[in-house]
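S.K.: Protein sequences, first through last, are from chains A and B.
Residue numbers for the first sequence follow this note's numbering, beginning at 1 and rising by one.
Residue numbers for the second sequence follow this note's numbering, beginning at 1 and rising by one.
Here a beta-carbon is modelled for each residue, glycine too, at the ideal position from N, C-alpha and C.
Given the structure is predicted, the values throughout are model-derived calculations rather than measurements.
One structure, pasted below without further comment.
2 protein chains.
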Amino acid sequence: MYVVLIYDIEVDDNGAKASRNIFKICKKYLTHVQKSVFEGDITPALLQQLKLELNKHIRENRDSVIIFKSREERWMQKEFWGKEDDKTSNFF
Amino acid sequence: MYVVLIYDIEVDDNGAKASRNIFKICKKYLTHVQKSVFEGDITPALLQQLKLELNKHIRENRDSVIIFKSREERWMQKEFWGKEDDKTSNFF
Chain A
1 MYVVLIYDIE
11 VDDNGAKASR
21 NIFKICKKYL
31 THVQKSVFEG
41 DITPALLQQL
51 KLELNKHIRE
61 NRDSVIIFKS
71 REERWMQKEF
81 WGKEDDKTSN
91 FF
Chain B
1 MYVVLIYDIE
11 VDDNGAKASR
21 NIFKICKKYL
31 THVQKSVFEG
41 DITPALLQQL
51 KLELNKHIRE
61 NRDSVIIFKS
71 REERWMQKEF
81 WGKEDDKTSN
91 FF
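In structure tokens:
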């Protein structure tokens with residue numbers, strides 16, 4: 001399945017550290033697209049594994065993660081405007 | 001069609017103002033989900049109108065907007081972890 005993962009980490013004393021850890025974990029499984037946005041193909045099992053790893057760093061009452069899931073990438077077209085720091089984008 | 005819009009505005013002198021304007025414009029067309037993340041059903045014509053309005057505030061070499069488009073919402077399941085400030089989410 002194809003997913004887009006977006007995280008929002010509260011900027012407080014431990015926020016920067018949590019954010020760095022979450023970024024590194026996401027990078028192991030998905031492609032970095034923009035600041036706190038990742039995308040990519042992933043199996044349900046690996047997505048579960050990613051969640052377990054992230055759960056160690058996500059602070060339930062402060063931080064949030066959203067995952068948009070689609071069965072296939074072609075059902076999720078992507079469009080970019082402005083400054084682009086992602087090599088995998090596909091303009092439509 | 002169903003879209004997820006994510007913007008990333010560079011934090012500089014005019015960044016705060018640009019961010020406020022962009023937030024207000026997005027709120028007219030889509031549902032706010034998380035910090036700089038919006039989602040919702042929108043027609044191609046209205047998406048074009050949204051782009052034109054945003055283009056007045058997006059600074060090409062500093063800011064970026066990503067839009068993920070899917071023909072229908074049901075092809076884009078959403079999952080939330082942690083702090084949730086969106087009433088339209090649907091857990092799976």
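(1) By DSSP, does Leu30 (chain B) sit in helix, in strand, or in coil?
(2) DSSP state of Glu79 (chain A), grouped into three classes?
(3) If you draw a straight line from the alpha carbon of Val3 (chain A) to that of Glu73 (chain A), how long is it in whole angstroms?
(4) Taking only the alpha-carbon atoms, compute the straight-line gap between Val33 (chain B) and Asn61 (chain A) and give it to the nearest angstrom.
(5) Leaving out five residues before and five after Glu53 (chain A) in sequence, what residues of the same chain have Cβ atoms less than 6 Å from its Cβ?
(6) Whose CA, out of A:Ile42, A:Ile66, A:Lys83 and A:Phe68, lies closest to the CA of Val65 (chain B)?
(7) Checking contacts by CB at 8 Å: is Val33 (chain B) closer than that to chain A?
(8) How big is the Cα-Cα spacing for Asp50 (chain B) and Phe80 (chain A)?
(9) Run through chain B and tell me which residues come within less than 7 Å of Phe80 (chain A), C-beta to C-beta.
(10) With 8 Å as the threshold, decide whether the Cβ of Lys131 (chain B) is near any Cβ in chain A.
(11) So Lys51 (chain B) is in the alpha helix (DSSP H); what residue range does that whole segment cover?
(12) Please classify Ile22 (chain B): does DSSP put it in a helix, a strand, or coil?
(13) Is there a C-beta anywhere in chain A that falls below 8 Å from the one on Glu73 (chain B)?
(14) Going by DSSP, what residues sit across from Lys69 (chain B) in a beta bridge?
(15) What I want to know is whether the C-beta of Lys27 (chain A) ends up closer than 7 Å to one or more non-hydrogen atoms of the ligand NAD.
(16) For the stretch 50-64 of chain A, enumerate the residues whose C-beta is nearer than 8 Å to any C-beta of chain B, in chain order.
M.R.: On the basis of the coordinates in this document:
(1) The answer is coil: DSSP assigns Leu30 (chain B) none of H, G, I, E or B.
(2) strand
(3) 8 Å
(4) 16 Å
(5) Ile25
(6) Among A:Ile42, A:Ile66, A:Lys83 and A:Phe68, the Cα nearest to that of Val65 (chain B) is on A:Lys83.
(7) Contacts with chain A at 8 Å (Cβ-Cβ) include Val33 (chain B).
(8) The sequence as given places Leu at residue 50 (chain B); Asp does not occur at that position. Those two C-alpha atoms are separated by around 14 Å.
(9) Residues of chain B passing the Cβ test: Ser64 and Ile66.
(10) Any question about residue 131 (chain B) goes unanswered here, given that chain B covers just 1 to 92.
(11) Lys51 (chain B) -> alpha helix (DSSP H) spans Pro44 to Asn55.
(12) helix
(13) no
(14) A:Gln77 and B:Val3
(15) As for the ligand NAD, it is missing from this structure, which has no ligand bound.
(16) Across the stretch 50-64 of chain A, CB contacts with chain B closer than 8 Å involve Lys51, Leu54, Asn55, Ile58, Arg59, Glu60, Asn61, Arg62, Asp63 and Ser64, in sequence order along the chain.
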